[in-house]
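This report refers to the structure that appears directly beneath it.
In the working numbering, the protein residues as written are 1 to 105.
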């Protein structure tokens, strides 16, 4: 019985430690393939720390947009919230296919 309880507790702990990023993107598309995007990503603090500090994430997105002639970010911000970080950005793009590979380019 104790072994089962230990295994159950270990499994529950593992589930609690699993981290994820919750994202929501809204894209308004024109007939020529251009459009605008608004995106929000919420992540636990532990995940955010692994991929970079919030200020660094904002800077990285702005730098990627500055290098990319197909994407223009009009707003990039982050907010600390209890237990996590929320990263929001909005902008315009001239080709949906190019947006799909942003910010890797």
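The C-beta atom is built at its ideal place from N, Cα and C for all residues, glycine as well.
Given a cut-off of 7 angstroms on the beta-carbon distance, is the pair residue 36 and residue 86 in contact? Locating residue 36 in the chain shown gives position 36, counting from the first residue. Locating residue 86 in the chain shown gives position 86, counting from the first residue. Remark: C-beta atoms of residue 36 and residue 86 do not approach each other more closely than 7 angstroms.
Is residue 49 near the ligand SAH - that is, is its Cβ less than 6 angstroms away from at least one heavy atom of it? This structure lacks the ligand SAH, and indeed carries no ligand of any kind.
Could you spell out the range, first to last residue, of the alpha helix (DSSP H) harbouring residue 54? On the chain shown, residue 54 is found 54 positions in, with the first residue counted as 1. Here the alpha helix (DSSP H) through residue 54 covers 54 to 67.
Any 3 or more C-beta pairs closer than 8 angstroms across the stretch 56 to 73 and the stretch 19 to 31: Cβ pair count under 8 angstroms is below three, so no.
Assign residue 92 to one of three DSSP states: helix, strand, or coil. Position 92 of the chain shown, counting from 1, holds the residue named residue 92. Residue 92 carries a strand assignment under DSSP once its states are collapsed to helix, strand and coil.
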